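Below is one structure, written out as structure tokens; comments come after it.
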Amino acid sequence: MHYFKKITYKQRIFYALLLLGCALSIFFVHHNEQFYDRPIAEILKVKVTESEPITDMYENEDMLYTQQIKAVLKNGQHKGKTIDLTNDYSSSGAFDQEYNVGNEIFVAIDAHSKQSELTGTILDLKRDQTIMMIAWIFILVLLIIGKRQGLFAIISLVVNACILTLALDLYVKHGSLNLLFISGVCVLLFTVISLLLISGLNTKTYAAIISTLLGTMIALIISTAVMWLTGENGLRYEEMQFLTRPYRTVFMAGLFIGSLGAVMDVAITMSSSIFALYEQDSRISLQALKASGQEIGKDIMGTITSILFFAYICGSIPMVILYLKNSSTLGLTLSLNLSLELARALAGGIGVVLTIPISQYTAIFFINRKRVKE
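Note that full-length UniProt numbering has the sequence shown beginning at 1, numbered continuously upward.
What follows is the structure, encoded as structure tokens:
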């Protein structure tokens, strides 16, 4: 009760509007079928008609099931009519999935089916309801824990997502543009917008911005030089061969942007810590600041590089398991699925390690300037 008494009138209005927006958006995604061009059906009845054990040439065992589904169409010219569907799925769920009563699905209606007995095929599951719930949980957690800073973090995320979408759209429509140049502009905007919104207009933020840009740029230069010197031996681009754009450039652009988050995290952590030490004791010596900065850098270096490694590697785990289950050798499996991910993680790790001394000396430089002015 004491906490609620401390909430101001404006904050109460804000939280009320937030909860109203949450309720309205969740209600909307549960009743937005009319806004889709593709037919959507809600499953009313599911019956498993067949089940068959299967074994492949590598003696991997699985179960194959057949579902007979009855659903009601929620939009389009056949709205309100029932449709009969068939779904085949396996226990492993590698390329398919089981559907249950209440699921909403995208369907394709058979052109030759009768008006009284519609039939069709299932295209995909309608997932916007789940995505909306997860998005609101993320937003509410950020606001509850971060409060004002959490709000600015959300704004920063939305703005950065819009910038990235516009940049990709620009590159797709104008293929003659240099993707690395577009990525560089995006990195600059992401860094400035994120750090200014979250940390505000102050010397700590300026130091973090400079450190982030320098660390990211130097990491890209080192990675490019190493790839050139080694002839890119060990990098397997097979998964990118279907691209209609230069896949090496696409990989380098992804490497450039991918390392930004970790580098930015290190830069703002180092800058904030060093400035906090100075604000607690304005007479602290430069040697003490350097020593403290080095200790802070050692503490965060291992955890941030581990986060980078796991963030890149985890997306490839399902494919690694599938390769190994189908008797592929460990060397081939890892080289095909993890070579690019490991390269991205290593490039990001280089950026993280380099940003520690860069942000340390940049923050100390700004503190020296501040002392001279005072």
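Virtual Cβ for every residue (Gly too), placed ideally from N, Cα, C. The model shown is predicted, which means the values in this text are computed figures rather than measured ones.
- Task: Please report the residue range of the alpha helix (DSSP H) in which VAL101 lies.
- Result: Where VAL101 is concerned, there is no enclosing alpha helix (DSSP H), given that its DSSP letter is neither H nor E.
- Task: Please work out which residues of its chain come closer than 7 Å, Cβ to Cβ, to THR249, disregarding the five sequence neighbours upstream and downstream, and give them in chain order.
- Result: LEU179, LEU180
- Beta carbon of GLY146 nearer than 8 Å to that of ALA135: no
- Message: Using 8 Å for Cβ pairs, my map puts LEU64 next to ASP88. What's the rounded Cβ distance?
- Response: 7 Å
- Look up PRO53 in the DSSP assignment and say whether it is helix, strand or coil. strand
- Message: On the DSSP bridge list, what partners appear for GLN68?
- Response: LYS47, THR86
- Below 6 Å CB to CB, which residues in the same chain sit around GLU341 once its five sequence neighbours on both sides are set aside? TYR312, ILE313, SER316
- Task: Could you tell me whether the Cβ of TRP136 comes closer than 8 Å to any Cβ of chain C?
- Result: Looking at the structure shown, chain C is missing, and only one protein chain is on hand.
- Quick one: what's got a C-beta closer than 8 Å to LEU143's C-beta in the same chain, skipping five residues either side? LEU18, GLY150, LEU151, ILE154
- Where residue 381 sits in the DSSP three-state scheme: Coverage of the chain is limited to positions 1 through 374, which leaves residue 381 absent and any answer about it impossible.
- Task: Note down, in chain order, each residue of its chain lying with its Cβ closer than 7 Å to the Cβ of ARG371, except the 5 sequence neighbours on either side.
- Result: none
- Item | Cα-Cα separation, LEU277 to ASP128 | 46 Å
- Query: Counting along the chain, where does the alpha helix (DSSP H) carrying PHE309 start and finish?
  - Reply: 286-313
- Message: For LYS204 and SER328, I'd like the C-alpha separation in whole angstroms.
- Response: 51 Å
- Three-pair Cβ contact test at 8 Å for the segment 19-27 versus the segment 67-77: no
- Check the DSSP bridge columns for VAL107 and list the partner residues they point to. ILE122
- Identify which residue in THR66, ARG38, ASP281 has its Cα closest to the Cα of SER51. THR66
- Task: Check ASP128 in the structure and name its three-state DSSP category.
- Result: helix
- Message: Can you give me the C-alpha to C-alpha distance between SER90 and ILE122, rounded to a whole angstrom?
- Response: 15 Å
- Ignore the nearest five residues each way along the sequence and tell me which others in VAL187's own chain have a CB closer than 7 Å to its CB. THR216, PHE256, ILE257, LEU260
- Message: Tell me the DSSP secondary structure of residue 419 in three-state form.
- Response: With the chain covering only 1 through 374, there is no way to say anything about residue 419.
- Which ranges would you report for the alpha helix (DSSP H) in the segment 335-365 if only whole runs of at least 4 residues count? none
- Task: Provide the residue span of the alpha helix (DSSP H) that contains SER199, from first to last.
- Result: 179-199
- Query: Going along the chain, which residues of its own chain have a beta-carbon closer than 8 Å to the beta-carbon of TYR237, five neighbours each way excluded?
  - Reply: TYR247, ARG248, PHE251, LEU340
- Item | Close Cβ partners of SER359 (< 6 Å) along its chain, the five nearest in sequence each way excluded | SER211, ALA267, MET270, SER271
- Where residue 445 sits in the DSSP three-state scheme: Outside the displayed range of the chain (1 to 374) lies residue 445, so it cannot be described from this structure.
- Query: Got a sec? Which residues, its chain only, sit under 7 Å from ILE198 by beta carbon, not counting five neighbours each side?
  - Reply: GLN149, PHE152, ALA153, SER156
- Query: Using DSSP with H/G/I as helix, E/B as strand and the rest coil, what is ILE221?
  - Reply: helix
- Query: Using CA coordinates, which residue listed in PRO39, ARG12, ASP37, TYR58 is at the minimum distance from LYS325?
  - Reply: TYR58
- Task: Ignore the nearest five residues each way along the sequence and tell me which others in GLN97's own chain have a CB closer than 8 Å to its CB.
- Result: TYR89, LEU125
- If we ignore side chains and look at the alpha-carbon of each, how far apart do VAL263 and ILE304 end up? 9 Å
- Task: Pull up the distance between the alpha-carbon of ARG369 and that of TYR361, whole angstroms please.
- Result: 12 Å
- Using beta-carbon positions only, say whether ILE209 and VAL192 come within less than 8 Å of one another. yes
- Query: Would you report the Cα separation of GLY293 and ILE274, rounded to the nearest angstrom?
  - Reply: 6 Å
- Message: Counting C-beta neighbours from all protein chains within 10 Å, is the total for ARG344 16 or more, i.e. buried, or is it exposed?
- Response: buried
- Query: Should HIS78 and ILE105 be called a contact, given that it needs their Cβ atoms to be closer than 8 Å?
  - Reply: no
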